[in-house]
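Numbering of the sequence shown is given in my numbering, commencing with residue 59 and proceeding in unit increments.
The C-beta atom is built at its ideal place from N, Cα and C for all residues, glycine as well.
Keep in mind the model is a prediction, meaning the values are calculated, not measured.
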Amino acid sequence: MFLTRGLKSLLPNVLRRVIRYNRLSIRTTSGMAEGYKQANVVILHKSLADDFEKFCHANDGPLPLLYRSKPGDWKCPSLSSDSDIRTDCLQYRMYEHGTCTGSLKSLKEYSQQLKDMVTFYIGCSFSFEKAFQNAGIPVRNVEQKCNVSMYKTDVPCYTISTFCCNLVVTMRPIPESKLGAAVLATSELKEAHGAPIHIGDPGLLGIQELSKPNYGDPVCLHPGDIPVFWACGVTGVEAVINCRPPLAFTHSPGCMFITDLKNDDATVKSSTEVPQVHCISENPLHYSIVSAEAAQKIKTLETLIGIDPGDRGIIHLLRQDELLKACLSMSHARSVLITTGFPTHFTHEPPEENDGPPGALAIAAMLQALEKEVAIVTDQRAMNLNKKIIEEAVQIGVLKKSIPLLSYQRESADSALTFLCENGNPGKPRFDHLVAIERAGMAADGNYYNARKVNIKHLVDPIDELFLAAQTIPGVATTGVGDGGNELGMGKVKDAVKKHIKNGDVIACDVEADFTIVAGVSNWGGYAIACALYILNTCEIHDRYLRKAVGFPQLSKRTVWLSALPSVDKEEKLLKTLVRHGVRSGKTASLEMEVDGLPFYNTHSLVIEKLLQEVQQ
59 MFLTRGLKSL
69 LPNVLRRVIR
79 YNRLSIRTTS
89 GMAEGYKQAN
99 VVILHKSLAD
109 DFEKFCHAND
119 GPLPLLYRSK
129 PGDWKCPSLS
139 SDSDIRTDCL
149 QYRMYEHGTC
159 TGSLKSLKEY
169 SQQLKDMVTF
179 YIGCSFSFEK
189 AFQNAGIPVR
199 NVEQKCNVSM
209 YKTDVPCYTI
219 STFCCNLVVT
229 MRPIPESKLG
239 AAVLATSELK
249 EAHGAPIHIG
259 DPGLLGIQEL
269 SKPNYGDPVC
279 LHPGDIPVFW
289 ACGVTGVEAV
299 INCRPPLAFT
309 HSPGCMFITD
319 LKNDDATVKS
329 STEVPQVHCI
339 SENPLHYSIV
349 SAEAAQKIKT
359 LETLIGIDPG
369 DRGIIHLLRQ
379 DELLKACLSM
389 SHARSVLITT
399 GFPTHFTHEP
409 PEENDGPPGA
419 LAIAAMLQAL
429 EKEVAIVTDQ
439 RAMNLNKKII
449 EEAVQIGVLK
459 KSIPLLSYQR
469 ESADSALTFL
479 CENGNPGKPR
489 FDHLVAIERA
499 GMAADGNYYN
509 ARKVNIKHLV
519 DPIDELFLAA
529 QTIPGVATTG
539 VGDGGNELGM
549 GKVKDAVKKH
559 IKNGDVIACD
569 VEADFTIVAG
579 VSNWGGYAIA
589 CALYILNTCE
599 IHDRYLRKAV
609 GFPQLSKRTV
619 WLSALPSVDK
629 EEKLLKTLVR
639 HGVRSGKTAS
649 LEMEVDGLPF
659 YNTHSLVIEK
669 LLQEVQQ
């Protein structure tokens, strides 16, 4: 038998000859022919070939098509100068009507059948192992002398005719400090599946146990390693199984066809296209990916809304990148619950101020455009008011359709959990993300205060309890938007509130949110969230990560998203609606200030215009 030592440095044509004559006793081609492209193989009857090619193009993350042969053609001249697909894989599998009926070392005995069959060569992640090594990233399965781990997920691929299946992924343990390098090393290697499609908890892909892969071998994580998942060409095998053709052949997972093509390290076109990795959840562990350009735009939005029109000291409350991380989390969410309402005018009916509802509706409008479920929860006493505001928001075009309006009352110790989860089961949350914008927040003494230290607890329902309960539910994130430190979610910056905000020692909210967005006026925070969600979903790098590299880019919906952005006209219409219903201005709504050296008595229009300018650049 041929010695396996030194296989990584052998040229592909030599390796194929060694494999052809069955002189290798190894189980995988991972680590072999360093720097050369390897390929998954699917062989189907010619009558299915066109549909399978369309299936590959519709799901090009897992199925980057390198070459399609003609019927009966056993060579692939654009991939290799001297090859025979009947003999040049370590091992093959035969499928009859979707069932694996054998593992084979050669397909020569099926040469007659192969005359009417087409071979598809599909890119493989083994091809980027050299790029990993060049970046100083360990390849754990090679270190452990085993095949890579491959798992079926609950992510559906885009269906074409009879080809339908869920995505299959490979998992590679990556040290946390190397996550950015791993994404960067693979993001431009499209023919080797490109950037990862998930970083973090495998349960978010429907994978129950990493120790039990569906294909390949279990690979052990070292302390500090994070599981990182790439789309996998074995997805094609699953498609064949579900299609149930009378006869099909594939490579055996991990036993790839080795090409003569160099997998040259791709270079990112510009610094703005460099992908960034951000942790958006600790429980479950979840990272997201975004381009440097999109991230910088959102950071600029954060700076724009951080100006302090009342010189109240909010600069001391600002936390860098909270807007980016909050919106990345919302971008991944399926269902979002929003709350607003600050009864600062406690002697007036209604007591609400007009800072909060416009920002809340701006967030809701963008979430609707992104086809997410969205609901609003408010005080029971304010249900009729909010119902009218939502109805008129639809009429004036701020919202495309009405939003479910909910209220919350504490009836038992489990009320919050029952409200947030089906049958109170933390494993079945109704919402993935809770957002509070200009919502009165509970202070350390259990009361609620306006900026002047007046206790308004009698006007506030205990919606804080939902945010506290969310901290105990895996996968439910929270965001608080405020401009004074007494708003729900500002507990994360309460020490700064107590030190730098007038009356902060009394009014500071004690309830934390995962993400705290501080703005000069809370509505600005809502507008910035809407704009940031637009930026994220028009970012090709983030879009691909969201859809797990299956299906087609969602950028065709850009026009719908654009129409959902906030605008000066929309805000003016909403403010007029609020006035008609007796809602008064907050104290910061029309403070005189200077922006760019010019005096403005109402700064809202200017801020909105600057936000939109950043979005449209």
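Supposed contact pair residue j and residue i - C-beta distance, whole angstroms, cut 8 Å
i	j	result
D318	Y94	7 Å
M229	S207	5 Å
E234	G282	6 Å
I495	G417	5 Å
A590	C385	4 Å
G547	E570	7 Å
I284	I232	6 Å
A250	N321	7 Å
L237	V332	Contact flag wrong, Cβ pair sits at about 14 Å.
Proximity winner among the options, relative to residue i (alpha-carbon distances)
i	options	result
Y466	A193, L268, K486, A440	A440
T177	V579, F110, R75	F110
L268	C222, G543, A474, V286	V286
L102	I593, V626, V295, T537	V295
T217	N412, D366, G258, D118	D118
E201	I299, E187, S139	E187
C215	P311, H256, C114, D259	C114
K133	M175, Q149, E92, T157	M175
H309	K163, G414, C222	K163
A306	G584, W288, L106	L106
G291	F489, E431, G181	G181
W582	V665, K550, A502	V665
Y209	P408, L263, K320, H662	L263
L613	N595, T405, A451	N595
H600	Y345, K458, L620	Y345
D472	D568, H558, N71, A528	A528
Residue i in three-state terms, based on DSSP
i	result
A193	coil
F404	coil
I184	In the sequence as presented, Ile is not what sits at residue 184; that position holds Phe. Three-state DSSP puts F184 in a helix.
N483	coil
E679	A query on residue 679 cannot be resolved here, the shown segment of the chain reaching from 59 to 675 and no further.
E431	strand
T217	coil
D522	helix
R198	helix
C337	strand
E410	coil
G640	coil
L649	Residue confidence is low: L649 scores 41 on pLDDT, short of 50, so the model does not pin down where it sits. No coordinate-derived value is stated.
P70	helix
P704	With the chain running from 59 to 675 in the structure shown, residue 704 is simply not present.
D627	helix
R392	coil
D654	In this prediction, D654 has a pLDDT of 45, which is less than 50 and means its spatial position is unreliable; what the coordinates show is noted afterwards. DSSP places D654 in coil when its eight states are reduced to three.
R75	helix
L319	strand
V326	Note that V326 scores 49 on pLDDT, short of 50, meaning its location in the model is unreliable; the coordinates nonetheless yield the value given after this. Three-state DSSP puts V326 in coil, outside helix and strand.
A243	helix
P233	strand
S310	coil
L664	helix
L670	helix
K210	strand
A418	helix
Q675	coil
L343	strand
L492	strand
L362	helix
L225	strand
Restricting to runs no shorter than 4 residues, where is the alpha helix (DSSP H) found entirely within the region 549 to 625? 552 to 558, 562 to 565, 580 to 595, 598 to 604, 616 to 621
Are the region 342 to 361 and the region 398 to 414 in contact at 8 Å, needing three or more beta carbon pairs? no
Taking the runs of the alpha helix (DSSP H) that are 4 residues or longer, which of them lie wholly in the region 249 to 303? 293 to 301
Complete beta strand (DSSP E) runs within the region 87 to 175 (minimum length 3 residues, chain order): 94 to 103, 123 to 126, 150 to 154, 157 to 162
In chain order, which continuous runs of the alpha helix (DSSP H) of length 4 or greater are located wholly inside the region 439 to 488? 441 to 453, 473 to 478
Touching by the beta-carbon criterion (3+ pairs, under 8 Å), the region 462 to 482 and the region 504 to 517: no
So, do the region 600 to 617 and the region 253 to 263 have three or more beta carbon pairs nearer to each other than 8 Å? yes
Kindly confirm or deny that the region 567 to 582 and the region 371 to 378 touch, where touching means at least three C-beta pairs closer than 8 Å. yes
Report yes or no: do the region 531 to 545 and the region 424 to 440 share at least 3 C-beta pairs separated by less than 8 Å? no
On the three-pair Cβ rule with 8 Å, is the region 499 to 506 touching the region 444 to 452? no
Is there contact between the region 403 to 414 and the region 546 to 560, where contact requires at least three CB pairs shorter than 8 Å? no
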